[in-house]
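*Asks:* Using this note's numbering, the first residue of the sequence shown is number 56, and each one after it goes up by one. The beta carbon of each residue, even a glycine, is placed where N, CA and C say it ideally should be.
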Amino acid sequence: MFLKPLLAGSIALAAASVFAASAQQSVLERAQNFEHSGRFELARQAYGESAASSNPGDKRAALLGLARVARAQSQLLQARDIYAQILAEDPSDLEAKNGMAWVLLADYEVAQAQQGFGQTLDVQPHNAEALAGLAQSQNVFRYQLDAKGSYLSNDVGKLWGGSLGFSTAIDARQVLDVDLRRNSVDVGLLDRPTDSRLIPSTSAAIGYRWQVPSHYSIRLSAEHIERDDTATQRRLGMEGEYQITEGLLLSGGLRQSFGSGWRSQLRHVGLGIGLGAGWQAVVRLYSEHNIDQDTHRRALALEAVRQGPGHMLWVLGTSHGTSPNATDVYGRAVLPVGQQGAILATIRHLSLNRETQVELGWRKYWN
């Protein structure tokens with residue numbers, strides 16, 4: 056539901072006609088070259104200088120450039136103000152209309168964005184940027200609801216479970232999510248290489264993510280875990296991602312667990328490598344310290360991730376950990392059904408206790 060490539064794609068379309076223009080002042084031309092090469096701060100400075108021009112054409116081109124740079128840097132409020140300034144002077148400016156519509160779409164104001172693209176198409180039915188924006192808007196949704204059921208079996212016991220997960224994109228930078236889970240019983244010690252815990256009867260979690268799309272993000276989370284025969288457990292976590300280059304994503308996190316018998320600290324760091332055609336390889340290292348028992352566990356996890364059209368997602372992964380020695384193999388899929396639904400499926404097998412888990416569910420998107 057979240058738009059990582061949206062801004063970059065729309066900005067490239069908007070800039071194409073500008074870069075093709077031949078009769079430009081030198082400062083404006085330099086600004087366009089900076090923008091085209093991704094040197095956005097230099098482009099911002101040059102566009103700002105050109106915006107002071109007495110030539111109305113140069114001023115308009117410079118303002119549009121400033122707005123594109125603001126969008127590229129996810130400064131959507133600034134971009135919105137610039138487009139509003141242009142439209143106040145010329146309400147029929149189609150490039151500004153399209154730009155404003157992209158900003159609205161990035162902020163999940165989908166109906167208003169579609170209206171803006173539609174106004175451009177009323178004047179120019181074959182406008183490529185407006186057509187692309189209208190097509191993109193069909194896959195942008197503010198709300199997401201997951202309902203899942205699961206079955207788990209190992210040498211210790213069996214259980215049935217269910218969960219509800221809800222997330223909402225407050226705007227382009229903020230995402231809030233809530234997850235509620237209920238299992239039929241507490242079952243055995245789930246010693247997955249990357250997460251050691253007793254499966255609980257009931258758990259509730261909430262998370263908040265602040266992000267600059269295609270640049271970095273920070274997520275804070277809290278979890279409350281109830282079990283039938285042991286003390287309540289609480290967890291606080293923080294995770295972050297940083298886009299090093301277009302094809303390299305650095306991630307890491309820290310999670311602290313509280314409660315009698317449950318005091319522990321989990322750290323992880325990872326690197327995602329873009330392979331092209333929607334594929335990504337991910338490697339993560341985990342280190343967990345059980346404070347109550349003064350023991351340490353480490354694990355290595357590898358994943359292959361494929362993002363397809365719409366919201367399609369395939370994940371194949373494995374992890375291996377120590378203390379105890381265990382290997383986890385899993386697969387996960389999100390299979391779109393129509394524009395606003397998807398089937399969710401997960402299967403995993405853990406060598407320790409011959410554990411197998413299957414999870415099936417349905418996802419609903421809407422605005």
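(1) Determine, using beta carbons only, whether GLN362 and GLY327 come nearer to each other than 8 angstroms.
(2) Output the boundary residues of the beta strand (DSSP E) element that contains TRP265.
(3) For the candidate residues PRO255, TRP157, LEU357 and ALA224, whose alpha-carbon lies nearest to that of ARG135?
(4) What are the boundary residues of the beta strand (DSSP E) that ILE299 is part of?
(5) Helix, strand or coil for TYR420? Go by DSSP, reduced to three states.
(6) Which residues does DSSP list as the beta-bridge partners of ILE280?
(7) Skipping 5 residues on each side, what residues in its chain have a beta carbon closer than 8 angstroms to that of PHE89?
(8) Please report the residue range of the beta strand (DSSP E) in which PHE313 lies.
(9) Buried or exposed, going by whether 16 or more other CB atoms sit within 10 Å of the CB of LEU189?
(10) For TYR341, does the three-state DSSP call read helix, strand or coil?
(11) Counting only the same chain and skipping the five closest in sequence on each side, list residues whose C-beta sits under 7 angstroms from that of PRO364.
(12) Taking the C-alpha atoms as reference points, what is the distance between VAL230 and HIS366?
(13) Whole angstroms is fine: what's the gap from ALA388's alpha carbon to ILE398's?
(14) Taking the runs of the alpha helix (DSSP H) that are 4 residues or longer, which of them lie wholly in the stretch 379-416?
(15) Use the C-beta contact count for ILE141: other C-beta atoms within 10 angstroms, 16 or more gives buried, fewer gives exposed.
*Replies:* Well, looking at it:
(1) no
(2) 257-267
(3) TRP157
(4) 288-300
(5) strand
(6) Its beta-bridge partners are SER258 and GLN288.
(7) PHE95, LEU97, ALA98 and ALA101
(8) 303-313
(9) buried
(10) In the three-state scheme derived from DSSP, where H, G and I count as helix and E and B as strand, TYR341 is classed as strand.
(11) none
(12) 17 angstroms
(13) 8 angstroms
(14) none
(15) buried
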